[in-house]
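K.L.:
Each residue of the sequence shown is one higher than the one before, counting from 107 in this note's numbering. Pasting a structure below so you can have a look.
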Amino acid sequence: MSPMCNLMTPPRGSPLRAPRSWGLHPRLLHDVASRLKTRNIIFRFGSFSGSLLILKTVRAELYLNLTGLPVGIDDTSHRGYRLNRLQRVAGRTDCRAESGQSKGAFANGTKWPMIEVTVGREHDFTVCFRRNLHRRLIVNSLDRTAETARRERRQFALWSTLLCVLVGIAYWPVQSFDFVNWDDTWYVLRNPYLGSWELSNLKAIATDVINRNYAPLTIFAYLVEHTFFGLEPAGYHIFNVFLHAVNSVLVFVLVSQVSRNRAAGWMTAAMFAVHPVQIESVAWVSSMKGLLCGTFILAHLICRLRPERTPRQDVWGFVFFLLALFSKALTIVVPAIVLLYDMLICKRKFKEALAGQFATGMLSVWLLVTTMSAQGTTLGGIRSHLILSKLEILGVDSIILWRYVGMLLWPSGLSVLYNPPVSGIAGQVIVATLAWGVFGAVVWKLRRVTPLLVLAAASWLILLLPVLNLTPLTTLMNDRYLYMPAIPFFAAVSCGLCFLWRELLASGPAVKQQTTWLRGCRLQHARATVPIAAVIALLIATRQHLPVWENDRALWEHTMTRVPELPIVRIQYAMMLHQAGEDRSAISVLEETLARYKPDAIDRERITAKISAWHREDADAGGTREWIVRESLLRPEPDQPAR
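Structure representation (structure tokens):
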């Protein structure tokens with residue numbers, strides 16, 4: 107007698123339920139057959155008839171899920187295999203599974219059964235072929251009902267709207283925030299490129315390197331904002347919040363598409379939307395470039411991270427890549443992520459995958475050379491690490507990367523600037539390096555089992571590469587550096603939680619018997635508890651830390667409590683006091699910095715010049731600062747030139 111394949115509906119909450127539906131094309135069937143060495147099983151669903159496929163192995167299992175079709179299961183055992191007869195409990199539709207004549211044979215000589223399934227009318231269904239826990243293929247019906255498509259669109263709109271609501275709740279207070287004296291002066295308040303829409307000015311925006319970066323689309327966006335909002339900060343802040351909301355929805359789409367798990371996609375997007383580490387990127391006007399670049403990077407990845415791409419998707423992906431490239435230099439690492447996806451997930455050969463990234467790779471090299479040639483000044487930030495060798499920088503980076511992991515798991519001690527130690531840390535470097543070695547070995551060991559984990563870990567590191575000081579920067583670590591790397595990190599966490607939840611559901615009865623407090627619970631109803639609790643906790647933490655960016659005084663008073671030893675922090679704090687008319691306090695702060703905190707030659711020169719200038723201003727004003735304070739508080743109207 108022939109061994110039977112197991113035909114059954116997966117239990118509720120099963121990972122084998124498809125997160126969404128897509129068409130079942132005959133070419134797909136042919137590709138699956140050739141790739142997996144399969145045999146046929148005939149299905150008839152109403153007016154749709156066709157051949158679906160099952161793996162050529164005795165251990166193969168076929169799962170059939172009829173959407174909205176409750177069924178009863180009557181199991182009949184035979185030689186360790188089960189033939190399930192499915193009968194709808196009530197209603198018009200009849201669902202039967204019957205064994206047919208044996209056709210073909212397995213490699214070991216056992217007969218291959220033909221199974222025929224008939225359904226009285228059309229329904230959406232999911233078919234999953236599973237060889238083991240590590241290899242799954244989910245295929246859906248050719249004909250999706252219009253009702254199902256509308257339901258999916260409504261669900262997507264609902265979850266996307268909820269993400270936007272979360273962003274609004276978290277960041278709405280920023281509409282009352284002011285500019286800060288940390289790059290906002292050069293990007294907005296005193297940016298000569300925002301003065302007019304003359305052709306010469308537009309040409310300069312498109313060709314000039316501004317503020318040590320070639321980012322023409324970012325400067326053009328500031329020009330548009332300046333045209334609408336002038337020097338009113340509320341408009342700039344609201345636009346940042348809008349971009350962050352758009353990015354959260356795009357993260358939802360991207361992670362759902364790559365992981366084939368909408369729950370994991372939404373969980374990732376929710377944590378991305380409200381995590382406190384994103385505050386600097388959203389609440390700081392000068393960080394709009396990172397938000398704008400993130401929008402186009404995510405759109406590019408949605409087009410490119412697909413098993414099969416159409417020419418239209420390739421064209422749109424290239425357009426989005428160009429827009430991202432002209433927004434921020436971070437985009438130069440994105441082709442490496444697409445390359446890894448093609449190799450790890452799509453199983454393309456290296457030469458084939460590399461050829462697909464030739465155009466974007468060449469553009470990335472061009473922008474890298476342009477940006478590096480523009481980094482000609484080290485004014486601002488911290489510079490103690492600039493004298494270190496590349497090997498020493500890698501040692502410092504190994505510690506910083508673990509600090510980034512800690513900040514993403516639970517952010518504490520956030521600051522606009524950090525002062526990680528760069529000397530006397532040999533022991534920490536050894537421990538951090540060994541820990542990363544162990545982690546890398548584990549991920550590499552799992553590359554065939556869970557390639558998405560390898561892709562997430564590699565993407566996290568790739569997105570951080572431009573800010574690891576392999577090319578000199580005047581900061582070692584910042585919150586805003588984690589804006590894009592947070593996505594693969596949260597995606598890995600979310601997918602891991604979904605996997606653990608599936609395992610918990612699979613062992614639910616045993617767990618309930620062993621755990622007293624779970625005996626009265628329905629596990630499937632508690633699946634949202636962990637993500638909801640995490641999102642609420644992160645939202646509360648964000649609202650608590652957000653006022654730090656309200657204005658200059660709030661920002662630098664908070665930073666002085668975190669890293670008061672940094673000369674740049676004390677200089678910015680003194681400048682805030684000077685602008686507020688507190689000259690004596692400002693000069694006192696700078697004099698203390700010279701005496702106690704040993705600034706380098708560049709900062710010492712800046713401090714000395716400011717002390718002399720402020721003494722001169724006070725003498726010229728006859729010992730009073732009233733007119734200086736008045737002039738600093740009066741901003742010119744948009745149609746008046748700044749004095």
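Glycine residues also receive a C-beta, built at the ideal position from the N, C-alpha and C atoms.
Touch check for the stretch 506-518 and the stretch 343-363: three-plus C-beta pairs under 8 angstroms?
P.N.:
Result no; under three Cβ-Cβ pairs closer than 8 angstroms.
K.L.:
Taking the alpha-carbon positions, what's the PHE358 to ILE403 distance?
P.N.:
Each residue's Cα considered, the two are about 14 angstroms apart.
K.L.:
Identify whether PHE283 lies in helix, strand or coil by the three-state DSSP scheme.
P.N.:
Here PHE283 sits in coil by DSSP.
K.L.:
Return helix, strand or coil for ILE451, following the three-state DSSP convention.
P.N.:
In this structure, ILE451 counts as coil in the three-state DSSP scheme.
K.L.:
Return helix, strand or coil for ASN353, following the three-state DSSP convention.
P.N.:
Helix.
K.L.:
Between which residues of its own chain and ILE311 is the CB-CB distance below 6 angstroms, once the five residues before and five after are set aside?
P.N.:
Excluding positions up to five away in sequence, the list reads TYR299, PRO322, ILE325 and PHE326.
K.L.:
Determine the direct distance from the alpha carbon of ARG608 to that of VAL654, and round the result to whole angstroms.
P.N.:
For VAL654 and ARG608, the distance between alpha carbons rounds to 40 angstroms.
K.L.:
What residue range is occupied by the uninterrupted alpha helix (DSSP H) comprising PHE427?
P.N.:
It spans 417-431 - the alpha helix (DSSP H) in which PHE427 sits, taken as one unbroken run.
K.L.:
In terms of DSSP beta bridges, what is ASN319 paired with?
P.N.:
Looking at the DSSP assignment, ASN319 forms a beta bridge with ILE316.
K.L.:
Rounded to a whole number of angstroms, what is the C-alpha to C-alpha distance between LEU469 and ALA597?
P.N.:
So the alpha carbons of these two residues sit roughly 28 angstroms apart.
K.L.:
Going straight from the alpha carbon of GLY687 to that of VAL280, what length do you get?
P.N.:
When rounded, the distance between both Cα atoms is 25 angstroms.
K.L.:
Where ALA562 and PRO673 are concerned, what is the direct C-alpha to C-alpha distance, given to the nearest angstrom?
P.N.:
Computed Cα separation, rounded: 37 angstroms.
K.L.:
Let's see if you can read the secondary structure: which residues bound the alpha helix (DSSP H) around LEU567?
P.N.:
Where LEU567 is concerned, the enclosing alpha helix (DSSP H) stretches over 557-570.
K.L.:
Inspect the beta-carbon positions of LEU269 and ALA389 and report whether they are closer than 7 angstroms.
P.N.:
Not in contact: LEU269 and ALA389 (Cβ atoms no closer than 7 angstroms).
K.L.:
Label GLN261 either buried or exposed according to how many other C-beta atoms from any shown protein chain fall within 10 Å of its C-beta, with 16 as the threshold for buried.
P.N.:
Answer is exposed; the Cβ neighbour count stays below 16.
K.L.:
Rounded to the nearest angstrom, what separates LEU337 and THR539 at their Cα positions?
P.N.:
Cα to Cα, LEU337 sits roughly 47 angstroms from THR539.
K.L.:
Cβ atoms of LEU450 and VAL560: under 7 angstroms apart, would you say?
P.N.:
Against a cut-off of 7 angstroms, the Cβ pair of LEU450 and VAL560 comes out as a contact.
K.L.:
Measuring straight from C-alpha to C-alpha, what distance separates GLU698 and HIS684?
P.N.:
Distance between the alpha carbons of GLU698 and HIS684: 15 angstroms.
K.L.:
In its own chain, which residues sit with a C-beta less than 7 angstroms from the C-beta of HIS664, not counting the 5 before and 5 after it?
P.N.:
Hits under 7 angstroms: VAL654.
K.L.:
If you follow the alpha helix (DSSP H) that GLU697 is part of, which residue opens it and which one closes it?
P.N.:
First-last of the alpha helix (DSSP H) with GLU697: 689-702.
K.L.:
Do three or more CB pairs link the stretch 271-291 to the stretch 369-379 at distances below 8 angstroms?
P.N.:
The stretch 271-291 vs the stretch 369-379: in contact.
K.L.:
What is the rounded straight-line gap between the Cα of TRP516 and the Cα of ALA643?
P.N.:
One C-alpha to the other measures close to 10 angstroms.
K.L.:
Go ahead and label LEU523 buried or exposed: buried means 16 or more other beta carbons lie within 10 angstroms of its beta carbon, across all protein chains shown.
P.N.:
By the 10 Å Cβ count, LEU523 comes out buried.
K.L.:
For ARG690, tell me which candidate among TRP720, ASN575 and VAL544 has the shortest Cα-Cα distance.
P.N.:
Of the listed residues, the one whose Cα sits closest to ARG690 is TRP720.
K.L.:
Give me, in chain order, the residues of the same chain whose beta-carbon lies closer than 6 angstroms to that of GLU414; leave out the 5 immediate sequence neighbours on both sides.
P.N.:
Excluding sequence neighbours, GLU414 sits near nothing in its chain.
K.L.:
Quick check: the stretch 418-436 against the stretch 394-402, are at least 3 beta-carbon pairs closer than 8 angstroms?
P.N.:
Because the criterion of three Cβ pairs below 8 angstroms is met, the stretch 394-402 and the stretch 418-436 touch.
K.L.:
Kindly indicate which residue of ALA592, ARG368, ASN317 and TRP303 has the alpha-carbon position closest to the one of CYS604.
P.N.:
Ranking the options by Cα distance to CYS604, first place goes to ARG368.
K.L.:
Assuming LEU411 and MET590 are in contact, meaning their beta carbons sit under 8 angstroms apart, how far apart are those beta carbons, in whole angstroms?
P.N.:
About 14 angstroms; that fails the 8 angstroms criterion.
K.L.:
Can you tell me where the alpha helix (DSSP H) with LYS457 in it begins and where it stops?
P.N.:
Here the alpha helix (DSSP H) through LYS457 covers 456-462.
K.L.:
Grab me the residues of PRO557's own chain with a C-beta within less than 8 angstroms of its C-beta, minus the 5 sequence neighbours each way, in chain order.
P.N.:
Answer for PRO557: LEU450 and ILE451, listed in chain order.
K.L.:
Rounded to whole angstroms, what is the Cα-Cα separation between LEU407 and VAL421?
P.N.:
LEU407 and VAL421: Cα-Cα distance of roughly 12 angstroms.
K.L.:
Counting C-beta neighbours from all protein chains within 10 Å, is the total for ASP314 16 or more, i.e. buried, or is it exposed?
P.N.:
ASP314 is exposed by the Cβ-count criterion.
K.L.:
For a quick check, are the C-beta atoms of CYS601 and ALA375 less than 7 angstroms apart?
P.N.:
No.
K.L.:
Alpha carbon to alpha carbon, what distance is there between PHE345 and GLU656?
P.N.:
So the alpha carbons of these two residues sit roughly 16 angstroms apart.
K.L.:
When the distance is taken between beta carbons, is VAL528 closer than 7 angstroms to VAL502?
P.N.:
Their beta carbons are under 7 angstroms apart, which means VAL502 touches VAL528 by this criterion.
K.L.:
Short of 6 angstroms in beta carbon distance, which residues of its chain neighbour VAL364, apart from the five on each side in sequence? Order them along the chain.
P.N.:
Here the set comprises LEU411.
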